[in-house]
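Heads up: the structure comes next, in structure tokens.
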Amino acid sequence: MGAGAAKGLYTPPLTIQTRTTSACSRSGRSFSDRVDNFANLSRVRNIEIERELQRDLSERAHTLKLLLLGGSESGKSTIVKQMKYLHLSGFSESELLNFKFSVYNNVIEIVHQILDAAQLLQFSLPGDIQREIEEFLSNDTSIQLNTNAVSKLVRFRDTPEVQKIIKSCNEINLPDNAEYFMSRLEIMNEDGFVPMKEDIIRCRIITTGVHEIMFQYKSEKLKLIDVGGQKTQRRKWIHCFDDVTAILFVIALSCYDQQLAEDNTENRMEDSIKLFKEITSNKFLSRSSLILFLNKKDVFEKKIVQKPLKVCFPEYKGSNTYKEASSYIKRKVLKAQVDNGIKREVFPHFTNATDTRNIDRVFNSAIETVILKNLNKAGMT
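Read in order, the letters of the sequence shown are residues 0 to 380 in numbering that gives the first Met the number 0.
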């Protein structure tokens, strides 16, 4: 059976066997290559992620997170607007347009409050002007102040009764910007009116939610965060407490004779001091520097000679002068944390947030203090 038997056996074609082996080999190599490529891509991506994390950590290490806290209408948002002008490029065209409408709304709110004051003081406006202004307020005036509307407002403003109310704004607690905006009615009537810097600084807009800006101060990046000061907004503050370098707590000196808009049974100054006390005892902020801005010193200086500090602090025995009364408020605020059983270093400043020079000087001084404290913590001084 040697040769014949050999011939009878089935032998697969050599070429087919070779092709099959070659295909399997290529398939194996292809899969292996894909695995290697995937592994390489993963390594590259991991390196990129690691670099991004390092960059982020480095940036965070060189970013000072400043949290603006305080009651409503204390002037926090005014400080943010000043920083945008001082350290950024101001406001965009779309932002200016929004401020234009906000200025109009401020004027309308001021008119409402003047009418309320006139009723409270039992001032009678001339009948035709009373009818004009009531008709004006009954229309949708929030979008545009046209020539007809402005002429009505000017006649209203120029009555002796309204002039007396405006001049007594500190006694009857009109908005701080009432006299300013009522003096600019004619300018708002000009074609192409765009709010100027002073209009924007003095424009009041209620802050809701959280707003932040980033800017450079010397070699440091600053992140300034403004959160709403109303009681309903304060529960959102805790979300901003992580990695806070410094608290900038703002209290309006001039609020000592006012009540909260959201609770007319509570004095604004008492609420601010209570809030300051809570912040100083918050364990999440125990390592943060604490800067105190006693704001609206210009308004307070005019008001204190007309309304005694005793309306808020019955125990006060000093004179109703700016120097003595403001010093007393400062001591009262600083004592709040001592009463809480806590003694933290607080850096107080008297400020006027609508005065660019003043807020620039005071803010720079506060930031230098924060930077120095950070260096001390790091053992670099």
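Even glycine gets a Cβ: it sits at the ideal position worked out from N, Cα and C.
Helix, strand or coil: which one does DSSP assign to H61?
Coil.
Since Q81 and I212 should fall inside the 8 Å C-beta cutoff, what is the C-beta to C-beta distance between them, to a whole number of angstroms?
Separation of the CB atoms of Q81 and I212 is rounded to 11 Å, and the pair is thereby denied contact status at 8 Å.
Straight-line Cα distance separating I128 from D115:
D115 and I128 have their C-alpha atoms spaced approximately 15 Å apart.
Between the C-alpha atoms of P313 and I204, what's the straight-line distance to the nearest angstrom?
P313 and I204 have their C-alpha atoms spaced approximately 33 Å apart.
State the start and end residues of the unbroken beta strand (DSSP E) segment that holds A245.
Unbroken beta strand (DSSP E) run through A245: A245 to A251.
Please give me, in chain order, every unbroken run of the beta strand (DSSP E) with length at least 3 that falls completely inside the segment 194-231.
Considered as a whole, the segment 194-231 harbours 209-216 and 219-226 as its complete beta strand (DSSP E) runs of no fewer than 3 residues, in chain order.
Closest to L67 by C-alpha separation, out of K220, F90 and H210, would be which residue?
Relative to the Cα of L67, the nearest Cα in the group K220, F90 and H210 belongs to H210.
Figure out for me which residue from S218, T206, D242 and D241 has the closest Cα to the Cα of D225.
Among S218, T206, D242 and D241, the Cα nearest to that of D225 belongs to T206.
So, at 6 Å on beta carbons, what are the nonlocal neighbours of K309 in its own chain, with the 5 sequence-adjacent residues on each side left out?
Excluding sequence neighbours, K309 sits near Y315.
Classify L144: buried if its beta carbon has 16 or more other beta carbons within 10 angstroms, exposed otherwise.
The residue in question, L144, is buried, as its Cβ has 16 or more Cβ neighbours within 10 Å.
Chain D within 7 Å of R44, Cβ atoms only:
Checking the listed chains, one finds no chain D in this structure; it contains a single protein chain.
From what residue to what residue does the beta strand (DSSP E) around I171 run?
Annotation: I171 is outside any beta strand (DSSP E); the continuous alpha helix (DSSP H) that includes it extends over C168 to I171.
Could you compute how far the alpha carbon of E72 sits from the alpha carbon of R267?
The alpha-carbon atoms of E72 and R267 are separated by roughly 10 Å.
Can you tell me whether DSSP reads N138 as helix, strand or coil?
Note: N138 maps to coil in three-state DSSP.
Do the CB positions of G69 and V332 come within less than 7 Å of each other?
Cβ distance not < 7 Å, so G69 and V332 don't count as in contact.
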